[in-house]
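Residue numbers (our numbering), protein chains in the order written: chain E, 117 to 396; chain P, 117 to 396.
There are 2 protein chains.
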Amino acid sequence: MKKIGFQGEKGAYSELAAFNCFGPGIATVPFREFAGVFHAVMTRKVDVGIIPIENSLAGSIHQNYDLMLEHEVKIIGEFKQRVNHHLLAPHGVKLGQIRRVYSHPQALAQCQNFFRTHKNIEPVSYFDTAGSARHIATLGDPAAAAIASIQAAKEYNLKAIQSSIEDSEENSTRFLLLVRQNSRLKPPHAGEKGLIKTSIVFALRDIPGALFKGLSVFALRDIDLVKIESRPYPGSPWRYLFYLDFLGDSRDDVSVKAINNLREITVFLKVLGSYAAVKK
Amino acid sequence: MKKIGFQGEKGAYSELAAFNCFGPGIATVPFREFAGVFHAVMTRKVDVGIIPIENSLAGSIHQNYDLMLEHEVKIIGEFKQRVNHHLLAPHGVKLGQIRRVYSHPQALAQCQNFFRTHKNIEPVSYFDTAGSARHIATLGDPAAAAIASIQAAKEYNLKAIQSSIEDSEENSTRFLLLVRQNSRLKPPHAGEKGLIKTSIVFALRDIPGALFKGLSVFALRDIDLVKIESRPYPGSPWRYLFYLDFLGDSRDDVSVKAINNLREITVFLKVLGSYAAVKK
């Protein structure tokens, strides 16, 4: 049985993503910190780490970009998980009894319509969505509910009194599947590949127009860029590492040429992986 | 007397930056949230907001990029503040008495050498560096110290038992000075201008090689790019806004041409300001 490491408490959105991505036949292993997931991948305590890299509303999780650089991991797939917030309470509790709703401040902020139409219910900040579900399950107070994932309802034997109470229909998180760099493990549905994406990270030489020249190696070859992210270059204040996603497999002839071309103007370059999106 | 708004408690690194940037003849106004600083600038509760935009070790403060988009502010200057962490304790306390040191987890993590060489002293997480200084000043426990700015020592009548205990000499924060968009207020030392930088934010049309084409309008005119940052484009999942800093004044002929050229391939573009670095 494959072991999948995730950050957060049991019932976290990351655990829900793990089950939706790999199916029910896996063992999920929670870690308090993102760094713990990376460490578990490196020390073979888990087969795969599933980490959020970007939310469609809040943006990139930059810490995980830094951790990908620090660990010899590779990306073997990505998975998009819709963020559906559910109002969870112990079985038997009715909406009219609820006076306080616990959740992470970001989740509370994403359910403003709910609180606007239920003015007698007070939002209460909690450090974690899944943790707030565990908290109200132990409290056993019919006035206390939580906002968390449907996975948290299963985990803590709670009932979803209302489902999909988030304001925006565009709230999704993109997860990456990480393995050790020399692992041969394949992502789910590895046969039916769609578009392949490659992620690289590099630091440019200090030359005029460096970034423009860096991007030109892709433009000249009609390679589509999907995303660019900049991070501090450790040890070089106010200089940057660039994380770039482009369409194509790093083993394809045209990608090899583009990457070799890019190496001419970089002081550092690392391929983080070529991978497809895992479909549900 | 100019009123300068900052985020954090009195004694925060942002307040230290305000005094170092503007000199002692200002009134500093603390706000709990970054959004509060922006709101105060817009409603004229303060003349200038000073907000951190980037730390040389930790990277950009992305929330402030988003807030610059949401408010009709302009940047009139930037200021780099070296982050020197000091070990603060009540007057009369000696290093040998200290058993616990309170501070923000990031500050504690930046002083690992200190804790390695003082194994009998335990680091304790606190929500805020300046807040930890206030906390130990009220405690009055000779075993409790804090790691915070020299400004916090002044504010809470504490003594710097050790100075500059941070591990890295490259720990600096870059602050932006923000005013209302129609304000005529000038930054300190406005006469003696060095290099002028312009910050813009834009969203590209959905065309092949869009970012490459966007950067080409600068490269073709030998305009140097300093920084690029991407953020989610609100309402368009997995599309991006780009924040770009380039060398030059937005009113210069060559910058005007570059920006007009860029508008040909953007769906949105806003100039956030042209400004120089304020020297101490």
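Glycine is no exception: its CB is placed at the ideal position from the N, C-alpha and C atoms.
Is there contact between the region 162 to 180 of chain E and the region 203 to 216 of chain E, where contact requires at least three CB pairs shorter than 8 Å?
no
Determine, for P/L327, whether the minimum Cβ-Cβ distance to residues of chain E falls below 8 Å.
yes
Top-ranked residue by Cα proximity to E/K119, from E/G127, E/F138, E/A128:
E/F138
At what residues does the alpha helix (DSSP H) containing P/G247 begin and finish?
Unbroken alpha helix (DSSP H) run through P/G247: 245 to 255.
Stretch pair the region 313 to 324 of chain E + the region 360 to 375 of chain E: three plus CB contacts closer than 8 Å:
yes
CB-CB under 7 Å to E/V240, same chain, minus the five flanking residues each way: which ones, in chain order?
R216, V217, Y218
Only counting runs of 3 or more residues, tell me where the beta strand (DSSP E) segments fall wholly within the region 125 to 199 of chain E, in order along the chain.
142 to 147, 164 to 171, 189 to 198
Burial state of P/V333, where buried means 16 or more other Cβ atoms lie within 10 Å:
Buried: at least 16 other Cβ atoms inside 10 Å.
With P/H202 and P/S265 assumed to form a contact (beta carbons below 8 Å), what rounded beta-carbon distance in angstroms separates them?
7 Å
E/L378: first and last residue of the uninterrupted alpha helix (DSSP H) it sits in
Its alpha helix (DSSP H) spans residues 369 to 379.
Who are the neighbours of P/E380 on chain E, taking C-beta pairs under 7 Å?
In chain order: nothing, as chain E lies at least about 17 Å away.
Against E/M125, what residues of chain P qualify as contacts under a CB-to-CB distance less than 8 Å, listed in chain order?
It is Glu, not Met, that sits at residue 125 of chain E in the sequence shown. Correct list: empty, because the minimum Cβ distance to chain P is about 19 Å.
Expressed to the nearest angstrom, what Euclidean distance is found between the alpha-carbon atoms of P/A249 and P/T144?
So the alpha carbons of these two residues sit roughly 18 Å apart.
Chain-ordered chain P contacts of E/G193 [CB-CB under 8 Å]:
Within chain P, no residue comes near E/G193; the closest Cβ sits about 17 Å away, beyond 8 Å.
Got a sec: which bits of the region 219 to 246 of chain E sit with their beta carbon under 8 Å from any beta carbon on chain P, in order along the chain?
none
Rounding to the nearest angstrom, what Cα-Cα distance links P/G256 and P/P206 in this structure?
7 Å
Please specify which runs of the beta strand (DSSP E), each continuous and at least 3 residues long, are wholly inside the region 255 to 281 of chain E, giving them in chain order.
Uninterrupted beta strand (DSSP E) stretches at least 3 residues long and entirely within the region 255 to 281 of chain E occur at 260 to 264, 274 to 278, given in chain order.
Could you tell me which residues DSSP puts in a beta bridge with E/K313?
Here E/K313 is bridged, per DSSP, to E/L363, E/Y391.
Start and end residues, beta strand (DSSP E) containing P/R290:
288 to 296
Should the region 375 to 394 of chain E be called in touch with the region 318 to 332 of chain E, which here means at least 3 C-beta pairs below 8 Å?
Pairwise C-beta distances place the region 375 to 394 of chain E in contact with the region 318 to 332 of chain E, as three or more of them are shorter than 8 Å.
Thinking E/L292 and E/I167 are a contact (beta carbons under 8 Å), I'd like their distance in whole angstroms, please.
6 Å
Own chain partners of P/K373 with C-beta closer than 8 Å, once the 5 adjacent residues on each side are dropped:
R337
Which value, in whole angstroms, describes the spacing of the CA atoms of E/P353 and P/S280?
Cα-Cα distance, rounded: 18 Å.
Check whether the Cβ of P/R347 lies closer than 8 Å to any Cβ atom in chain E.
Yes, its Cβ sits closer than 8 Å to a Cβ of chain E.
Going by beta carbon distance, what residues of the same chain come within less than 6 Å of P/E286, once the five residues before and after it are set aside?
S172
Counting only the same chain and skipping the five closest in sequence on each side, list residues whose C-beta sits under 8 Å from that of P/L274.
L204, A205, P206, H207, A249, I252, A253, A262, A268
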